[in-house]
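Below is one structure, written out as structure tokens; the observations come after it.
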Amino acid sequence: MTMGEPVHPAEMLVPPAVRASALAAWQLVEDARYRTPDRQRRNERRRLLAQRAVADRKAERDHPID
């Protein structure tokens with residue numbers, strides 16, 4: 007290419023609108039998964055187990071067995 011020739015711009019590929027639609031659908035599915043009652047029960051169980059572990063550690067610290 008010499009300096010006298012015009013520069014041809016690279017063709018820009020436009021992503022199809024389907025990608026945005028598919029991404030939105032995937033996000034809706036993921037949001038629904040995290041809002042199910044089953045997920046809430048698991049989160050409540052995890053919270054209960056964590057609270058129990060904290061209470062056990064505090065009891066051990068306050069009243070050592072030794």
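In the working numbering, the protein residues as written are 7 to 72. Glycine included, C-beta positions come from ideal geometry on N, C-alpha and C.
- Shown here for Asp62: not one same chain residue has a beta carbon closer than 8 Å to its own, the five before and five after excluded.
- Counted as a single uninterrupted DSSP element, the stretch harbouring Pro12 is not any alpha helix (DSSP H), since DSSP gives it neither H nor E.
- Cβ contact annotation for Glu66 (same chain, cutoff 7 Å, sequence separation greater than five): none.
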